[in-house]
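Enquirer:
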Amino acid sequence: MLAPHAVQVGRALTRLQAGKEPGGGWLDLSNFVSSSGKSGQDVYSDLSEAIGRDVYIDVSGWHLYLRDVKVPDSGGTTLASGLAAMLAQEGDGADVAGVLGQVPVPLGGGQVTLSLADVIPKSGVRNLENLFKGWLHDL
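For the sequence shown, numbering that gives the first Met the number 0 gives the first residue as 0, with consecutive numbering after it.
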């Protein structure tokens with residue numbers, strides 16, 4: 000297993016455990032595809048922006064929007080961008096809850112680990128599913 004990666008959340012630090020696949024974690028940044036001629040934005044920028052704006056982690060009523068969660072050592076990539084790329088790679092058959100379930104979120108200094116699917120409210124998961132379907136439709 001790879002070493003844990005820290006995800007900076009404002010001033011708080013949350014640890015995300017890297018995946019078990021060799022050479023990478025739950026988010027493989029090498030799979031990001033950039034479009035040429037679109038002022039440096041990646042092909043998932045519209046989906047990423049919508050996810051970051053509308054989807055949040057709920058911790059005891061506190062809402063942490065995915066645009067505010069940064070993936071470490073990624074040049075400032077947000078969790079919203081990572082999810083957009085993961086969903087897009089799955090295509091129109093993507094299981095949104097399944098993708099969210101692949102992202103572990105240790106809490107309390109690692110005392111408890113939940114999946115991202117467990118810390119996003121059900122309404123947020125449905126919202127993410129609708130955002131993704133709308134994005135696919137607009138392609």
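Positions of the beta carbon are idealized from the N, C-alpha and C atoms, including for glycine. These numbers were taken from a predicted model, which means no experiment stands behind them.
Would you say V104 reaches chain D, if we count a Cβ-Cβ gap shorter than 8 Å as a contact?
Expert: The chain inventory of the structure shown lacks chain D, comprising one protein chain alone.
Enquirer: Over the uninterrupted beta strand (DSSP E) stretch that includes D117, give me the two end residues.
Expert: Segment L115 to V118 is the alpha helix (DSSP H) holding D117; no beta strand (DSSP E) there.
Enquirer: If we call anything under 8 Å between Cβ atoms a contact, is L46 one with A96?
Expert: no
Enquirer: Could you say which of A87, Y55 and T112 lies nearest to S122 if we only look at CA atoms?
Expert: Selected option, being the one with the closest Cα: Y55.
Enquirer: So, is K69 buried or exposed, given that buried needs 16 or more other C-beta atoms within 10 angstroms?
Expert: buried
Enquirer: Quick one: give me the first and last residue of the alpha helix (DSSP H) that D137 is part of.
Expert: K121 to D137
Enquirer: For P103 and S114, which I take to be in contact (beta-carbon distance under 8 Å), what is that distance rounded to the nearest angstrom?
Expert: 6 Å
Enquirer: In the structure shown, what three-state DSSP assignment does D94 receive?
Expert: coil
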